[in-house]
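See below for the structure under consideration.
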Amino acid sequence: MVNKLLKRVESTIRKLLYCLINIFLRNQKITEKIKPETIKKVLVIRYDVIGDLIVTLPMIKLIKQLIPHASVHLLASEQNSKLIEFDNNIDKIHLFDGRILKSFFSLFALRKENYDIIFCAFYTLVTRNGIICNIIGGRKSIKVNIWCDEKRYVFFNYQSRLAAEKLSMYEKMYYMAADTIAGGDRYNKVDAYLKIPDKSRNRCLSKLQNLGLTSKRFIGINLSAGRKINEWPNELYIKLINLLSQNLIKNDLLLFYHKNDFLKVHDIISGLDANRNNIYIYLHTDDILEIAALIEQCMLLITPDTGTVHFCSAVKTPVVVTYNEEYTSRLWHPYGIKYRALISESKDRIIVSPDSIYKKTIELLQDINEQEIMHKLC
Numbered sequence: 137m138v139n140k141l142l143k144r145v146e147s148t149i150r151k152l153l154y155c156l157i158n159i160f161l162r163n164q165k166i167t168e169k170i171k172p173e174t175i176k177k178v179l180v181i182r183y184d185v186i187g188d189l190i191v192t193l194p195m196i197k198l199i200k201q202l203i204p205h206a207s208v209h210l211l212a213s214e215q216n217s218k219l220i221e222f223d224n225n226i227d228k229i230h231l232f233d234g235r236i237l238k239s240f241f242s243l244f245a246l247r248k249e250n251y252d253i254i255f256c257a258f259y260t261l262v263t264r265n266g267i268i269c270n271i272i273g274g275r276k277s278i279k280v281n282i283w284c285d286e287k288r289y290v291f292f293n294y295q296s297r298l299a300a301e302k303l304s305m306y307e308k309m310y311y312m313a314a315d316t317i318a319g320g321d322r323y324n325k326v327d328a329y330l331k332i333p334d335k336s337r338n339r340c341l342s343k344l345q346n347l348g349l350t351s352k353r354f355i356g357i358n359l360s361a362g363r364k365i366n367e368w369p370n371e372l373y374i375k376l377i378n379l380l381s382q383n384l385i386k387n388d389l390l391l392f393y394h395k396n397d398f399l400k401v402h403d404i405i406s407g408l409d410a411n412r413n414n415i416y417i418y419l420h421t422d423d424i425l426e427i428a429a430l431i432e433q434c435m436l437l438i439t440p441d442t443g444t445v446h447f448c449s450a451v452k453t454p455v456v457v458t459y460n461e462e463y464t465s466r467l468w469h470p471y472g473i474k475y476r477a478l479i480s481e482s483k484d485r486i487i488v489s490p491d492s493i494y495k496k497t498i499e500l501l502q503d504i505n506e507q508e509i510m511h512k513l514c
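According to our numbering, the sequence shown is numbered sequentially starting from 137.
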């Protein structure tokens, strides 16, 4: 009885709070698509991790296609901003560390940009990011989000139901823009991409040449997970690499890693079978676009890091990846490429067998080889 009463009180307080926010913000719901000729400046909010920004890039490219005369800005993190230094679809980058109170005046100062539209390129933390949109845009900017629920209209002028219906995060982002700007319904091809500068690609190719490796003839193995929950135990890596090295003698294996995992990598290498001459190490680099260039050169990639998966989608490299749960694999799966995914037996940590990853790798290799044969026949 007490719990029911507390829930009613909490619900009433929440409704009152949303009413007060609505009175203060006064965001008017819009029902018609926005005409391109009325848009001069756009802001996309995506200030989190690298992989999530890659998922958002097709949407930004679409915005530029629909309104080429408009200036497109991005609110980015220091980490993910390194990805788009050479992307001509983005005209200006504003850095944000995610702390609203600390950065309030910096965010508020962006009002002088007079954005016509602000796209919230987040699927979660809707209230938080709705507040950020309103600090920057005030009442003049049209603020757009993927459909969440009716009450979130206190923060947004438009919520895209079409985007919410899509299964892949790539499509959710892409169709949010297509559903908002008039003419967007003429576009239905989501094309993951990444602008890699020549200096990063040439540095990568030079290192591969020094190792004696040929483009698209080696398998990349990522030894870094990015997040603790996605990490593979060292024993899994050792057994998997030994399996691959022993049975795929015609294919070279290239191991790469983040500098923070140096000791982990040392333990893995120490546990590998001796006298294996088809295993190579790519020394760590701080250039994230060089890593993208490296993944581009792989025949396929094996990785525990779901962020690296989006690099694969962007550079069209097949991938074998592990996920903690089925929902994550559906929402954040590789896009537009061949892949194999394994779901962990536990949501708290990765539990898969080296044999299962090996089998999926063999399946994917056969799939790739069949595609190459068909391409040559055609």
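The C-beta atom is built at its ideal place from N, Cα and C for all residues, glycine as well.
A quick note: this is a predicted structure, and the numbers were derived from the prediction, not measured.
task: Just the C-alpha distance for Ala-410 and Leu-372, rounded to the nearest angstrom, thanks.
output: For Ala-410 and Leu-372, the distance between alpha carbons rounds to 17 Å.
Three-state secondary structure assigned by DSSP to Arg-476: DSSP places Arg-476 within a strand segment (E or B) once states are collapsed to three.
- prompt: Quick one, which of Gly-472, Ile-253, Arg-353 has its alpha-carbon nearest Asp-327's?
  reply: Cα-wise, what sits closest to Asp-327 is Gly-472.
- request: Spatial neighbours of Glu-426 within its chain, please: CB distance less than 7 Å, with the 5 preceding and 5 following residues excluded, ordered by chain position.
  value: Cβ neighbours of Glu-426 beyond the five flanking positions: Ser-336, Arg-339, Cys-340.
Beta-carbon gap between Ile-254 and Leu-179 smaller than 9 Å: A contact, by the Cβ cut-off of 9 Å.
message: If the criterion is Cβ atoms closer than 9 Å, does the pair Val-457 and Thr-439 meet it?
response: At the C-beta level, Val-457 and Thr-439 come within 9 Å of one another.
- prompt: By DSSP, does Cys-514 sit in helix, in strand, or in coil?
  reply: Because the pLDDT of Cys-514 is 45, which lies under 50, any placement of that residue in the model is unreliable, and the number read from its coordinates should be weighed accordingly. Residue state, collapsed to three classes: coil.
Whole-angstrom distance between Glu-286 and Lys-400, CA atom to CA atom: About 48 Å.
field: Member of Lys-176, Val-290, Ile-278, Gly-234 whose CA lies at the smallest distance from the CA of Gln-215
entry: Of the residues Lys-176, Val-290, Ile-278, Gly-234, the one whose Cα lies closest to the Cα of Gln-215 is Gly-234.
query: Taking the alpha carbon of Lys-541 as the point to measure from, which residue in Leu-211, Arg-466, Ile-355 has its own alpha carbon closest?
result: Since the first and last residues shown for the chain are 137 and 514, residue 541 lies out of range.
query: Is it the case that the Cβ atoms of Glu-367 and Arg-485 are separated by a distance below 9 Å?
result: Taking 9 Å as the cut-off, the Cβ atoms of Glu-367 and Arg-485 count as close.
task: Per DSSP, which residues does Val-185 bridge with? Please list them.
output: Paired residue(s): none; Val-185 is not in a bridge.
query: Excluding sequence positions up to five away, which residues of its chain have a Cβ less than 6 Å from the Cβ of Asn-225?
result: Excluding sequence neighbours, Asn-225 sits near Ile-196, Lys-197, Lys-200.
task: Identify which residue in Gly-443, Ile-317, Asp-403, Ser-296 has its Cα closest to the Cα of Arg-363.
output: In this structure, Gly-443 is the residue among Gly-443, Ile-317, Asp-403, Ser-296 with its C-alpha nearest to the C-alpha of Arg-363.
message: Suppose the cutoff is 8 Å on Cβ atoms and the five residues either side in sequence are ignored; what does the same chain contact list for Gly-273 look like?
response: Short of 8 Å from the beta carbon of Gly-273, and not among the five residues preceding or following it, lie these beta carbons of its own chain, in chain order: Leu-179, Arg-247, Tyr-251, Ile-254, Lys-279.
- request: Identify, in the order they occur along the chain, each residue of the same chain with its Cβ nearer than 7 Å to the Cβ of Glu-462, setting aside the five sequence neighbours on each side.
  value: Answer for Glu-462: Ile-479, listed in chain order.
query: When the distance is taken between beta carbons, is Asp-397 closer than 9 Å to Ser-551?
result: Because the chain in this structure spans residues 137 to 514, residue 551 falls outside the shown range and cannot be described.
task: Establish whether the CB of Leu-408 and some CB of chain B are separated by less than 9 Å.
output: No chain B is part of this structure, which consists of one protein chain only.
message: Lys-474 and Asp-503 - do their beta-carbons sit closer together than 9 Å?
response: Their beta carbons are under 9 Å apart, which means Asp-503 touches Lys-474 by this criterion.
field: Leu-349 (DSSP reduced to helix, strand or coil)
entry: Three-state result, Leu-349: coil.
- request: Enumerate in chain order the residues of its own chain whose CB-to-CB distance from Ser-277 is below 7 Å, with the five nearest sequence positions on each side excluded.
  value: Excluding residues up to 5 positions away in sequence, Tyr-251, Asp-252, Ile-253, Ile-254 lie with their Cβ nearer than 7 Å to the Cβ of Ser-277 in the same chain.
query: So what's Ile-431 in DSSP terms, helix, strand or just coil?
result: Correct three-state label for Ile-431: helix.
query: By DSSP, does Cys-284 sit in helix, in strand, or in coil?
result: Looking at Cys-284 - three-state DSSP - the assignment turns out to be coil, as it is neither helix nor strand.
- prompt: Looking at Leu-430 and Tyr-416, is the spacing between their C-beta atoms short of 9 Å?
  reply: No, they are not a contact pair.
task: May I ask you to report which of helix, strand or coil DSSP gives Val-102?
output: No answer is possible for residue 102: the residues shown for the chain start at 137 and end at 514.
- prompt: Rounded to the nearest angstrom, how far is the Cβ of Thr-167 from that of Arg-182, given a contact under 8 Å?
  reply: The C-beta distance from Thr-167 to Arg-182 rounds to 26 Å, too long to meet the 8 Å contact threshold.
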